[in-house]
Ligand code: DC
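Residue numbers (my numbering): 567 to 791.
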């Protein structure tokens with residue numbers, strides 16, 4: 567089976583729309599692999615900080631993106647992705663709003679996106695892949711069999727992010743998160759390269775006030791066995 571014959575479900579949408587949890591649950595049901603592409607941008611931001619690389623140094627960031635030693639695996643409770651950077655578990659750091667904001671900044675750099683594109687496509691392994699991010703259905707896997715655009719009101723997304731952070735012991739302020747989410751939405755949607763936008767053939771699901779399981783069920787319904 568060539569790589570492009572392996573089925574992909576692309577799940578895109580803004581921060582806090584529930585992409586992570588929904589993707590991991592869909593993948594678990596199907597026994598498929600997962601790609602949390604946001605985690606790639608986030609860990610790159612953390613690695614840049616560690617290697618003292620400026621977030622403005624696009625060339626050095628792209629080299630780091632190509633060479634970075636990093637491993638990803640779903641967390642056992644499917645609440646997110648475990649990330650091992652150069653042998654160290656950085657998963658809690660990854661969820662911080664500061665990592666999200668730094669990720670959003672470096673994600674606007676074309677050569678960084680290009681370097682990560684190759685790594686992202688390598689996740690397409692049999693029997694299938696559930697990939698979540700901003701441009702999974704538009705740029706990385708435009709031939710994905712199923713494309714979903716998950717969204718929710720900014721207020722609800724901020725609430726969810728707040729709860730996630732508090733649950734893992736990170737101090738957070740709801741009003742700050744709401745502002746940061748609005749800023750990040752704006753930056754991710756208005757950048758010239760691979761902006762956050764629903765693919766023309768994506769099913770848009772608004773998860774405001776909707777629990778996770780019906781959303782997972784709706785996506786699974788579309789998978790042809
Ligand atoms: O999904 P997330 O919040 O973990 O993503 C963090 C940032 O990474 C997000 O603000 C924009 C960037 N990102 C991206 O540009 N493209 C992706 N496919 C995934 C994330």
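Every residue, glycine too, gets a C-beta built ideally from N, C-alpha and C.
Because the structure is a prediction, the values reported are computed rather than measured.
**Boundaries of the beta strand (DSSP E) in which residue 733 is found, first to last residue** = Indexing the chain shown from 1 puts residue 733 at position 167. Counting along the chain, residue 733 falls outside any beta strand (DSSP E), though it belongs to the alpha helix (DSSP H) covering 720-733.
**Request:** With a 10 Å radius around its C-beta and 16 neighbouring C-beta atoms as the bar for buried, classify residue 716 as buried or exposed.
**Result:** Your numbering for residue 716 matches position 150 in the chain shown. Classification for residue 716: buried.
**Asked** Closer than 6 Å: is that where the CB of residue 579 sits relative to any heavy atom of the ligand DC?
**Response** As a first step, residue 579 must be located in the chain shown, where it is residue number 13. In terms of side-chain proximity, the C-beta atom of residue 579 is found no nearer than 6 Å to any non-hydrogen atom of the ligand DC.
**Prompt:** If you compare alpha carbons, which of 776, 718, 638, 768 is closest to residue 701?
**Reply:** For this step, residue 701 is matched to residue 135 along the chain shown. Of the candidates 776, 718, 638, 768, the one whose C-alpha sits nearest the C-alpha of residue 701 is 768.
**Request:** Please report how far the alpha carbon of residue 724 lies from the alpha carbon of residue 712, in whole angstroms.
**Result:** Taking the first residue of the chain shown as position 1, residue 724 is located at position 158. Taking the first residue of the chain shown as position 1, residue 712 is located at position 146. For residue 724 and residue 712, the gap between their C-alpha atoms comes out near 27 Å.
**Item:** Same chain only: Cβ atoms within 7 Å of residue 691, ignoring 5 sequence neighbours per side
**Value:** The residue labelled residue 691 in the question sits at position 125 within the chain shown. The answer, listed in chain order, is 572, 599.
**Request:** For residue 663, collect the residues of the same chain with a Cβ closer than 6 Å to its Cβ; drop the 5 residues on either side in sequence, then sort them by chain order.
**Result:** Looking up residue 663 in the chain shown gives position 97. Cβ neighbours of residue 663 beyond the five flanking positions: 746.
**Item:** beta-carbon residue 607 near the ligand DC non-hydrogen atom, thresh 6 Å
**Value:** To locate residue 607, count along the chain shown from 1; it is residue 41. Yes, Cβ of residue 607 sits closer than 6 Å to a heavy atom of the ligand DC.
**residue 760 and residue 681 closer than 7 Å at C-beta** = Numbered from 1 along the chain shown, position 194 holds the residue referred to as residue 760. Numbered from 1 along the chain shown, position 115 holds the residue referred to as residue 681. Residue 760 places its beta carbon 7 Å or farther from that of residue 681.
**Request:** Compute the distance between the beta-carbons of residue 668 and residue 611, then report whether it is under 7 Å.
**Result:** The residue you call residue 668 lines up with position 102 of the chain shown. The residue you call residue 611 lines up with position 45 of the chain shown. Yes, the pair counts as a contact, with Cβ atoms nearer than the cut-off.
**Message:** If the criterion is Cβ atoms closer than 7 Å, does the pair residue 647 and residue 578 meet it?
**Reply:** The residue given as residue 647 occupies position 81 in the chain shown. The residue given as residue 578 occupies position 12 in the chain shown. Not in contact: residue 647 and residue 578 (Cβ atoms no closer than 7 Å).
**Message:** Out of 699, 652, 593, which one is the CA nearest neighbour of residue 641?
**Reply:** The residue labelled residue 641 in the question sits at position 75 within the chain shown. Of the candidates 699, 652, 593, the one whose C-alpha sits nearest the C-alpha of residue 641 is 593.
**Prompt:** Taking 6 Å as the line, does the beta carbon of residue 645 fall inside it for any heavy atom of the ligand NAP?
**Reply:** The ligand NAP is not part of the structure shown, which contains the ligand DC as its ligands.
**residue 690 beta carbon near the ligand DC (any heavy atom closer than 6 Å)** = Translated into the one-based positions of the chain shown, residue 690 becomes position 124. Not under cutoff, so the answer is no.
**Proximal residues to residue 710 (C-beta, below 6 Å), its chain only, five neighbours per side dropped** = The residue you call residue 710 lines up with position 144 of the chain shown. Answer for residue 710: 574, 576, 703, listed in chain order.
**Prompt:** So is the beta-carbon of residue 754 under 6 Å away from any non-hydrogen atom of the ligand DC?
**Reply:** One-based indexing of the chain shown puts residue 754 at position 188. Yes, the ligand DC has a heavy atom inside 6 Å of this Cβ.
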